[in-house]
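**Student:** Position 56 of the sequence shown, counting from 1, maps to 56 under UniProt numbering, and the rest follow consecutively.
Ideal placement from N, C-alpha and C gives every residue a C-beta, glycine not left out.
Below is the structure I would like to discuss, written out as structure tokens.
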Amino acid sequence: MNPLLAGRGEKVLLMGNEAIARASLEAGICVATAYPGTPSTEIIEALSEVAGECGIYVEWSINEKVAFETAYGAAITGVRSLTAMKHVGVNVASDILMSSAYSGVKAGFVVVSADDPGAHSSQNEQDNRWYGMLAHIPVVEPSSARDAYYLTKEAFELSTRYEHPVILRTTTRVSHTRQPVELNGDILREKKCTGVFDKDLDRWVLVPANARKLKTRVVGIWEAVMNNEGREPFIRVINPGMKRVVVASGISYTHAEEALRLLDSLNNVTLVKVSLPVPLPPKPISSVLKDAEEALVVEELDPVVEMQVKNIVADEGLDVRVHGRNLVPGNGELSVDRVLTPIAKFLGKDTATPWRGVGEVSLNPPIPPRPPVLCAGCPHRSTYYIVKVALNKAGVRDAVFTGDIGCYTLGYQKPFETQMTCFEMGGSLGIAHGFGKVLRQTVIAVIGDSTFFHAGIPPAINIVYNNSRVIPLVLDNSTTAMTGHQPHPGTGVTAMGLETRRILPEDILREAGFKTVVINPLRVKESIDLLTQALKDYLKGERIAIVSRMRCALEVLRDARRRRVVLPVYTVIEDKCTGCNACINLTACPAIVIPTGSRKPVILEELCAGCGLCASICPFKAISVKNQPSTEWEKLW
């Protein structure tokens, strides 16, 4: 049975994102939207699996802005809704986020911002609690997966109480940690899923005259939250009355509490758990600090809580010294190890002392480093090879490649070097347009299919409209691969598994004004010839775009197992192999290795996906199919 459908009183093991999904169902949502992005993705994945049974609507939207607008549209008609995105996704939705604070909502509306301290799978590690400050939207921050379950429901209640959006800020560890959660509520079966739009034009139409009046509403809610919400579960004070106080927000509370236990100091300090870091309610903080001598604020990334604590101390005229960034690291992900020494210094303990239960774990033999690489059989590997060869055959030298966000970003590595920039979703085309105006080299903008739909269409049109010499290269592997193979408009399937119209990138590019060439990287020589001619046309003044279509190798392998289709497995014919290693040097395929003591490569059969790129490259025809593949194997690609 799906753990999301368990009954009240049951204890189930839930990932943090699954806990948010379950809590949302208990809160009575009818609409849930998102664009996939680690570490937020599993929220919508979990909800999509039970959408039909629970009577809710779930969608993978084309981008975060659209996802926000869709869920917000439901919320202003009185239907509870949720939208989820990773931290940089909030940047995409920030326009409507700011405006939503002015108009508010008619039903509970929670915006999940899954932040990524340490930038495990992101281009930055921005702290989205600042968005709460900037937009005047309260931020609720859980400290664990279990906490996420309880606080998600509280976030919906907070939103309903003030008719205002609420941001639920999680982090990678909260999102992806699993914990037993005792369910204290049932999934609402009877809920309001049909809205009514109140045509209050003064509220919903943000012309300047209305916006100025609504700003007063925003400030009033902000002050009310600060004055009225300084209580559990948003602020919890443990062991009050101590001279030393530790204030910790979100998952930092979990680390701080464990560190204090290891230091045998849990009973020697007042510990304040902050689950509402923005705006920080001043009353409980000033009450705790009025008799204290020193305080330490522990939080990941930016000093958002520390700044507010110091403001409270200054406003109240309290005689207490507040520590924070002077002791606790301000970048990267925190852990018990990273906060233990700062807390020990704060308590005046010897930092050279090995504390009980703390020590480095040694592994023998050590785990070898494994930098990320394109999977064996990845269509992007073949595409990059085809493009580089075609450029050379067409006489294009020193091409510049702008890059984007996706698996294909790994093209920045040797031997490909086909990603020379990477900033944000859709940035490859926008940056390429700028390059096209100031560089004399051929500029190729590399972008994935899902990313093209997300943020690539406007800059592609801008390239045509402003007459720039740029070649868009859309890598279409028919899925949103990097975040876990979610559907998008090019797949013809929705988040709820319903068939819909399939929208192809080449159709959009063609209508925008590009002569679009579609290649199949499974057929290497044919694609090289086709692309070489297209590039020659480009050099003569033609405006071209390239779409390379071949399914993600992981999905092909999965389908092959399910359908019992045998894919080709390649092997090196030792007698023909000269050890030139072109197969390794030109593909960097992880399935091809050189055994210790040998100079000739071998193909690891258990990793080979049967794409055949190595066989196409080998100048001595020393790579061939070893097995008897199914007759329909190529159709899977």
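Given a cut-off of 7 angstroms on the beta-carbon distance, is the pair Ala560 and Leu636 in contact?
**Tutor:** The sequence position of residue 560 within the sequence shown is 560, counting from 1. The sequence position of residue 636 within the sequence shown is 636, counting from 1. It is a contact, given that the beta carbons lie within the stated cut-off.
**Student:** Which residues bound the alpha helix (DSSP H) around residue 649?
**Tutor:** In the structure as shown, the chain begins at 1 and stops at 637. Residue 649 is therefore absent and cannot be evaluated.
**Student:** Please look up how many angstroms separate the CB atoms of Val309 and Val247, rounded, as I've assumed it's under 8 angstroms.
**Tutor:** Here residue 309 refers to the residue found at position 309 of the sequence shown. Here residue 247 refers to the residue found at position 247 of the sequence shown. With a beta-carbon spacing of about 6 angstroms, Val309 and Val247 fall inside the 8 angstroms limit used to define contacts.
**Student:** I'd like to know if His433 contacts chain C, where contact means its C-beta is closer than 7 angstroms to some C-beta of that chain.
**Tutor:** In the structure shown, chain C does not exist; there is a single protein chain.
**Student:** What is the residue span of the alpha helix (DSSP H) that Gln308 lies within?
**Tutor:** Looking up residue 308 in the sequence shown gives position 308. Val304 to Glu316 is the extent of the alpha helix (DSSP H) around Gln308.
**Student:** Could you pull out every residue in the same chain whose Cβ sits closer than 6 angstroms to the Cβ of Ala545, ignoring the five residues on either side in sequence?
**Tutor:** Here residue 545 corresponds to residue number 545 of the sequence shown, with the count starting at 1. Answer for Ala545: Pro472, Leu509, Phe514 and Thr516, listed in chain order.
**Student:** Of all the options Lys153, Val225 and Arg80, which has the alpha carbon lying nearest to the alpha carbon of Pro279?
**Tutor:** Taking the sequence shown and counting its residues from 1, one reaches residue 279 at position 279. Nearest Cα to Pro279 within the set Lys153, Val225 and Arg80: Val225.
**Student:** Does the structure place the stretch 56-74 close enough to the stretch 490-501 that three or more beta carbon pairs sit under 8 angstroms?
**Tutor:** yes
**Student:** How long is the line joining the alpha carbons of Arg217 and Val269, rounded to whole angstroms?
**Tutor:** Translated into the one-based positions of the sequence shown, residue 217 becomes position 217. Translated into the one-based positions of the sequence shown, residue 269 becomes position 269. Approximately 39 angstroms, taken between the alpha carbons.
**Student:** Relative to the alpha-carbon of Asn326, which residue among Val572, Met307 and Ala314 has its alpha-carbon at the smallest distance?
**Tutor:** As a working mapping, residue 326 is identified with position 326 in the sequence shown. Here the closest residue by C-alpha is Met307.
**Student:** Identify every run of the beta strand (DSSP E) within the stretch 382-453, keeping only runs that are complete inside it and at least 3 residues long; order them along the chain.
**Tutor:** 400-402 and 443-448
**Student:** Based on the DSSP secondary-structure assignment, which residues constitute the bridge partners of Lys86?
**Tutor:** The residue labelled residue 86 in the question sits at position 86 within the sequence shown. The partner list for Lys86 (beta bridge, DSSP) reads Ala114.
**Student:** Quick one: Cα of Gly579 to Cα of Leu557, how far?
**Tutor:** Mapped onto the sequence shown, residue 579 falls at position 579. Mapped onto the sequence shown, residue 557 falls at position 557. Their backbone Cα atoms lie some 29 angstroms apart in a straight line.
**Student:** Contact defined as beta carbons within less than 8 angstroms: I believe Val474 pairs with Val547. What is the distance between those atoms, to the nearest angstrom?
**Tutor:** Position 474 of the sequence shown, counted from the start, is the residue given in the question as residue 474. Position 547 of the sequence shown, counted from the start, is the residue given in the question as residue 547. Yes, Val474 and Val547 are in contact; Cβ-Cβ is about 5 angstroms, under 8 angstroms.
**Student:** Can you name the residues that DSSP bridges to Met15?
**Tutor:** Here residue 15 is taken as the residue at index 15 of the sequence shown, counted from 1. BP columns for Met15 point to Arg178.
**Student:** For Arg564 and Glu632, what's the separation of their Cα atoms in angstroms?
**Tutor:** Walking along the sequence shown from the start, residue 564 turns up at place 564. Walking along the sequence shown from the start, residue 632 turns up at place 632. Arg564 and Glu632: Cα-Cα distance of roughly 11 angstroms.
**Student:** Less than 7 angstroms between the beta carbons of Arg80 and Gly104, yes or no?
**Tutor:** In the sequence shown, the residue the question calls residue 80 occupies position 80. In the sequence shown, the residue the question calls residue 104 occupies position 104. Not closer than 7 angstroms, so no.
**Student:** Within the continuous beta strand (DSSP E) that includes Ala248, where are the two ends?
**Tutor:** Indexing the sequence shown from 1 puts residue 248 at position 248. Start and end: Arg244 to Ser249.
**Student:** Taking only runs that begin and end inside the UniProt domain "4Fe-4S ferredoxin-type" (568-597), name each unbroken beta strand (DSSP E) of 3 or more residues, in chain order.
**Tutor:** 570-572
**Student:** Using only CA atoms, which one of Cys577, Ile96, Glu53 and Glu49 lies nearest to Thr70?
**Tutor:** Start at 1 with the first residue of the sequence shown, and residue 70 comes out as number 70. Out of Cys577, Ile96, Glu53 and Glu49, Ile96 has the C-alpha closest to the C-alpha of Thr70.
**Student:** In angstroms with no decimal places, state the Cα-to-Cα distance between Glu101 and Asn210.
**Tutor:** For the purposes of this step, residue 101 is taken as residue 101 along the sequence shown, with counting starting at 1. For the purposes of this step, residue 210 is taken as residue 210 along the sequence shown, with counting starting at 1. According to the sequence as given, residue 101 is Ala; it is not Glu. So the two alpha carbons sit approximately 13 angstroms from each other.
**Student:** Looking at the structure shown, is Pro208 part of a helix, part of a strand, or coil, going by DSSP?
**Tutor:** On the sequence shown, residue 208 is found 208 positions in, with the first residue counted as 1. Helix at Pro208.
**Student:** Roughly how many whole angstroms lie between the Cα atoms of Thr38 and Asp291?
**Tutor:** Stepping through the sequence shown from its first residue, residue 38 is reached at position 38. Stepping through the sequence shown from its first residue, residue 291 is reached at position 291. Taking the straight line from one Cα to the other gives about 43 angstroms.
**Student:** Thinking Ile137 and Ile167 are a contact (beta carbons under 8 angstroms), I'd like their distance in whole angstroms, please.
**Tutor:** Looking up residue 137 in the sequence shown gives position 137. Looking up residue 167 in the sequence shown gives position 167. Rounded, the Cβ-Cβ distance is 5 angstroms, consistent with contact.
**Student:** Would you report the Cα separation of Tyr35 and Ser624, rounded to the nearest angstrom?
**Tutor:** For the purposes of this step, residue 35 is identified with residue 35 of the sequence shown, where counting begins at 1. For the purposes of this step, residue 624 is identified with residue 624 of the sequence shown, where counting begins at 1. In a straight line, the C-alpha of Tyr35 is about 41 angstroms away from that of Ser624.
**Student:** Give the DSSP bridge partners of Phe109, in chain order.
**Tutor:** Taking the sequence shown and counting its residues from 1, one reaches residue 109 at position 109. Ser81.
**Student:** Does the stretch 517-528 come close enough to the stretch 150-170 to have 3 or more Cβ pairs within less than 8 angstroms?
**Tutor:** no
**Student:** Using a threshold of 7 angstroms, state whether the C-beta atoms of Pro601 and Ile584 are closer than that.
**Tutor:** By one-based count along the sequence shown, residue 601 stands at place 601. By one-based count along the sequence shown, residue 584 stands at place 584. Result yes, Cβ atoms of Pro601 and Ile584 sit closer than 7 angstroms.
**Student:** Would the beta-carbon of Glu64 fall within 7 angstroms of that of Val31?
**Tutor:** The sequence position of residue 64 within the sequence shown is 64, counting from 1. The sequence position of residue 31 within the sequence shown is 31, counting from 1. No, the pair does not count as a contact, with Cβ atoms beyond the cut-off.
**Student:** Tell me, please, whether the stretch 526-539 touches the stretch 456-464 by the rule of three or more beta-carbon pairs shorter than 8 angstroms.
**Tutor:** no
**Student:** Suppose the cutoff is 6 angstroms on Cβ atoms and the five residues either side in sequence are ignored; what does the same chain contact list for Arg203 look like?
**Tutor:** In the sequence shown, residue 203 corresponds to position 203, counting from 1. Closer than 6 angstroms at Cβ, skipping near neighbours: Ser103.
**Student:** Whether or not the stretch 398-415 and the stretch 434-442 are in contact is what I'm after, with contact meaning three or more pairs of Cβ atoms, one per stretch, closer than 8 angstroms; do they touch?
**Tutor:** yes
**Student:** In this structure, how does DSSP classify Phe472 when only helix, strand and coil are distinguished?
**Tutor:** Working through the sequence shown from its first residue, we reach residue 472 at position 472. Checking the displayed sequence, the identity of residue 472 turns out to be Pro instead of Phe. Looking at Pro472 - three-state DSSP - the assignment turns out to be strand.
**Student:** Among residues of its own chain, excluding the 5 on either side of Ala75, which ones have a beta-carbon nearer than 6 angstroms to its beta-carbon?
**Tutor:** Counting from 1 along the sequence shown, the entry for residue 75 is found at position 75. Excluding residues within five positions, the ones whose Cβ falls inside 6 angstroms are Ser81, Val105, Ala107 and Phe109.
**Student:** Mind listing, in chain order, the continuous beta strand (DSSP E) runs of no fewer than 3 residues lying wholly within the stretch 467-537?
**Tutor:** 470-476 and 515-519
**Student:** Drop a sphere of 10 angstroms on the beta-carbon of residue 656, count the other beta-carbons inside from all chains shown, and report buried for 16 or more, exposed for fewer.
**Tutor:** Outside the shown range of the chain (1 to 637) lies residue 656, about which nothing can therefore be said.
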